[in-house]
Amino acid sequence: MRKLAIVVATLSLALVAGCGPSGKPADANKPLANADKSAPENKPEQPGPTEVEKPGQWKYQQNLDDAVRWILDNQKKKGDWGYMSERPNDIYLGSINSLHVFGNASTALCVMGLMAQPETEEIATAIGKGLEYLITAPDTPRATMDTFYNVWSHAYMVQCLCTAIQDGRYEKLKVRLQKRAELELGRLLDHQSLDGGWGYYDFSQRTKRPSGEISTSFTTAAALVAMHYARAVDLPLRDHNVQIGLDYLERNRVPNGAYFYSTGHKYSPMWDPNLPRGSLGRSQGGDNALFTWDRTITQDTLKAQLDNFFKDHVFIEIGRGRQFPHEAWYATAPYYYYFGHYYASRNVLALKEDIRAEYSNKLAEFVVAGQYDDGSFWDYPLYGYTKPYGTGYGAMILSNLKRAAVTNP
Numbered sequence: 000m001r002k003l004a005i006v007v008a009t010l011s012l013a014l015v016a017g018c019g020p021s022g023k024p025a026d027a028n029k030p031l032a033n034a035d036k037s038a039p040e041n042k043p044e045q046p047g048p049t050e051v052e053k054p055g056q057w058k059y060q061q062n063l064d065d066a067v068r069w070i071l072d073n074q075k076k077k078g079d080w081g082y083m084s085e086r087p088n089d090i091y092l093g094s095i096n097s098l099h100v101f102g103n104a105s106t107a108l109c110v111m112g113l114m115a116q117p118e119t120e121e122i123a124t125a126i127g128k129g130l131e132y133l134i135t136a137p138d139t140p141r142a143t144m145d146t147f148y149n150v151w152s153h154a155y156m157v158q159c160l161c162t163a164i165q166d167g168r169y170e171k172l173k174v175r176l177q178k179r180a181e182l183e184l185g186r187l188l189d190h191q192s193l194d195g196g197w198g199y200y201d202f203s204q205r206t207k208r209p210s211g212e213i214s215t216s217f218t219t220a221a222a223l224v225a226m227h228y229a230r231a232v233d234l235p236l237r238d239h240n241v242q243i244g245l246d247y248l249e250r251n252r253v254p255n256g257a258y259f260y261s262t263g264h265k266y267s268p269m270w271d272p273n274l275p276r277g278s279l280g281r282s283q284g285g286d287n288a289l290f291t292w293d294r295t296i297t298q299d300t301l302k303a304q305l306d307n308f309f310k311d312h313v314f315i316e317i318g319r320g321r322q323f324p325h326e327a328w329y330a331t332a333p334y335y336y337y338f339g340h341y342y343a344s345r346n347v348l349a350l351k352e353d354i355r356a357e358y359s360n361k362l363a364e365f366v367v368a369g370q371y372d373d374g375s376f377w378d379y380p381l382y383g384y385t386k387p388y389g390t391g392y393g394a395m396i397l398s399n400l401k402r403a404a405v406t407n408p
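Here you go:
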């Protein structure tokens, strides 16, 4: 049945494709020369704990600087990132609206990556251009009844714009930022399904409000985290919408820490993608959303789930960079990779302070091992947004892990 089929695409899903970065192409199997030599090479063993090299200097600072450099060098004149170029075997779009979605979401991720950096004149200029683009970016409402990837641009634009609203550097933009953030939040809430979750397909029912037949745990997690940013700046948000979203996540969380891929998968709990190894990329996001809203998940749960993530990391690694989603073991999709690592980095920040640096370095070793020699990150090839969205995630991941490493006593 279609509703039980594993559906493809997330922002990690959908924001992708080999858009032409500057510099010569990187070898797909060649990590950066300065990547940690102890980083795993498709081995299930977790890396051992490491220490920050010296006070004031984070071990992976150069990797972060290289990612930021790629973002700065690849920003377009209008302030956005990515292109609508098509590749062979690109994923089903639904409509041209999806390409605007990918561009808006990629730009939001890149801007958030830059906002996490110490300010320089070059970075400040790029952020300003990026925010101006997002304020006036193409509106991306639902264009078809069966395909609505726009939930991803709504979620990450809300998160980005609300982050900027709270930053005093952008006080002059606050009114305009808030107006656009309210529009994006309203669009996001319009797509909340009848079961409380969010998805991006509704092939069978095609109802005005998505039926929820294919609500997914990872889309719901991203929406709920974004809504927490909206609550922080007092955007109009009913508690009812938050609570039924959290209820959806709790219903789809298995006691072993896995999350069902989508609503229909509850009828196939032992199917490969619903096992802990198949859920690695979803579990970190689901746990982070529940923890962020103070539901179900504790610091001890986060630690245990990160331990599982490190132990079984090879089963998410084997999906990274593949052309077709779900072809890897446990039906692991490539678009889970940096999506999952981003929320894992947020979970590291939420750990008890005495173990934060250790877990930061464990996760950083995995992340930098996949960085390309032009400084970019990517996990799923799709249209012209592969490296923009992946590198936006990469910069945010490493920024979170740097914070976690240097806050250890």
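Numbering (numbering that gives the first Met the number 0), first residue to last: 0 to 408.
Using N, Cα and C, we set each Cβ at its ideal position, and we do this for glycine too.
Among the options, the one whose alpha carbon lies nearest that of residue i
i           : options            : result
residue 398 : 159, 217, 341, 352 : 341
residue 392 : 310, 159, 88, 92   : 159
residue 284 : 345, 309, 250, 320 : 345
residue 176 : 356, 229, 251, 245 : 229
residue 363 : 403, 333, 331, 372 : 403
residue 235 : 198, 184, 269, 244 : 184
residue 328 : 272, 225, 76, 118  : 272
residue 97  : 200, 196, 58       : 200
residue 409 : 170, 333, 213, 207 : Here the chain covers residues 0 to 408 and nothing more, so residue 409 does not appear.
residue 256 : 101, 296, 87, 243  : 296
residue 107 : 289, 384, 310      : 384
residue 248 : 224, 269, 270, 127 : 224
residue 226 : 209, 87, 161, 59   : 161
residue 105 : 292, 405, 376, 400 : 376
residue 246 : 180, 353, 193, 356 : 193
First through last residue of the alpha helix (DSSP H) which encompasses residue i
i           : result
residue 387 : 385-405
residue 345 : 335-348
residue 152 : 149-164
residue 326 : Careful: residue 326 lies outside any alpha helix (DSSP H) and carries neither H nor E.
residue 358 : 352-368
residue 315 : 313-316
Coil, strand or helix - residue i by DSSP
i           : result
residue 215 : strand
residue 423 : Shown here, the chain extends from 0 to 408; a query on residue 423 therefore has no answer.
residue 228 : helix
residue 59  : coil
residue 132 : helix
residue 291 : helix
residue 169 : helix
residue 42  : Because the pLDDT at residue 42 is just 35, under 50, the model does not fix this residue reliably, and the point stays unresolved.
residue 69  : helix
residue 300 : helix
residue 34  : Unreliable placement is indicated for residue 34, whose pLDDT of 42 sits below 50; no coordinate value is reported for it.
residue 374 : coil
residue 185 : helix
residue 198 : strand
Proximity below 7 Å, CB of residue i to CB of residue j
i           : j           : result
residue 139 : residue 99  : yes
residue 188 : residue 125 : no
residue 374 : residue 69  : yes
residue 164 : residue 381 : no
residue 411 : residue 144 : Within the shown structure, residues of the chain are numbered from 0 to 408, placing residue 411 beyond reach of any answer.
residue 315 : residue 277 : no
residue 332 : residue 288 : no
residue 263 : residue 337 : no
residue 94  : residue 142 : yes
residue 206 : residue 261 : no
residue 66  : residue 394 : yes
Residue i CB to nearest heavy atom of the ligand GDP below 6 Å
i          : result
residue 83 : Summarising the ligand content, the structure contains no ligands, and the ligand GDP is consequently not present.
Quiz item: Considering only residues of the region 259-289, which uninterrupted beta strand (DSSP E) runs meet the minimum length of 3 residues and lie entirely inside it, listed in chain order?
Solution: none
Quiz prompt | Those runs of the alpha helix (DSSP H) which lie wholly inside the region 74-126 and span at least 4 residues | solution = 96-114
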